[in-house]
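**Student:** Heads up: the sequence shown runs through residues 296 to 469, numbered per my numbering.
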Amino acid sequence: MAELGITIGQRTVGKKGNEIPAMRELLGLLTIDGCMVVADVLNCQKETATAVIEGKEDYLFSVKDNQQTLKEDIEGYVQDKHLQKTIDTYTKIEKTSDRIERRTAYTSGDIGWLSGKEEWEKLACIGAVNTQCTSKNGEANEWHYYICSRNLTVEELLRHARFGIVSRNNVLAA
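#1: Would the beta-carbon of Ala344 fall within 8 Å of that of Glu416?
#2: Is the Cβ-Cβ distance between Thr426 and Glu396 less than 8 Å?
#3: Over the uninterrupted alpha helix (DSSP H) stretch that includes Leu365, give me the two end residues.
#4: Quick one: Cα of His377 to Cα of Gln362, how far?
#5: By DSSP, does Ile382 sit in helix, in strand, or in coil?
#6: Is Ser410 buried or exposed, if buried means 16 or more other CB atoms sit within 10 Å of its CB?
#7: Rounded to the nearest angstrom, what separates Glu370 and Leu321 at their Cα positions?
#8: Let me check understanding here. Comparing Cα to Cα, which of Lys341, Ile406 and Gly309 lies closest to Arg319?
#9: Using CA atoms only, rank isn't needed, just tell me which of Ala435, Ile315, Asp353 and Asp375 is closest to Leu452.
#10: Leaving out five residues before and five after Asp328 in sequence, what residues of the same chain have Cβ atoms less than 6 Å from its Cβ?
#11: Which value, in whole angstroms, describes the spacing of the CA atoms of Val449 and Val332?
#12: Looking at the unbroken beta strand (DSSP E) that takes in Thr345, where does it start and where does it end?
#13: Roughly how many whole angstroms lie between the Cα atoms of Arg445 and Thr307?
#14: So Glu295 is in the alpha helix (DSSP H); what residue range does that whole segment cover?
#15: Report all residues from its chain with a CB closer than 6 Å to the CB of Ala400; omit the five preceding and five following residues, and keep chain order.
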C-alpha cells in the first residue's frame, strides 16, 4: 500500500520518544494480517518485533547504532568481499534528468552465525542496500542494514526498503 501512497492508520505523537509505544498501539488496532510492517531505526526494537508477529504480520526493520552489535554483525557480513559471493545480490539503476541512482541489495537467510538472533521474534533474514548517487552536486554512497521476519528476495528488499512507513511525527502502517 505504501507504493500506492495509501495510509491505513496513523497516530500523531508529540515527542520523538513517543513513537515507539504509538507504533505498538497502532499495530494492535489494525487488522493487517500477512502484511509487511516496515519501520525505521527508532522502531527497531525487540518488543516491536514481537508485537508485529503477534499481529500475524512480518517486519522489516532498519538497523543502525541503536542496535550497535546487530548493525556491526550485519555490516561485517555483508561487506566482507568473500562472503558477498555467497549472498543474493541485485542492482537497480534509475536515471532522472539530473541524477543517476544505483541501488544494490544484498539478502541472506543464513543467519545461524548471528549473535542474539533468538532475541528477535521469528528473525529469518538480514539484508543491506548500498545506494550510490551521482548528480551535478557530486557523488554520495550510503549503506542501510535490515532485519526481517520473512526470507526476502533482493528485489523484495529493494521495494520494501524504498517505501518505508514510519515518518518523524506520525506512525503509519501498511
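For each residue, glycine too, the CB sits at the ideal point set by N, CA and C.
**Tutor:** Looking at the coordinates:
#1: yes
#2: yes
#3: Gln363 to Gln374
#4: 25 Å
#5: coil
#6: exposed
#7: 31 Å
#8: Lys341
#9: Asp353
#10: Lys351
#11: 17 Å
#12: No beta strand (DSSP E) holds Thr345; the alpha helix (DSSP H) holding it covers Lys341 to Glu349.
#13: 29 Å
#14: This structure does not reach residue 295, given that the chain is present from 296 up to 469, and the question cannot be answered.
#15: Tyr385, Val424, Val449, Leu452 and Leu453
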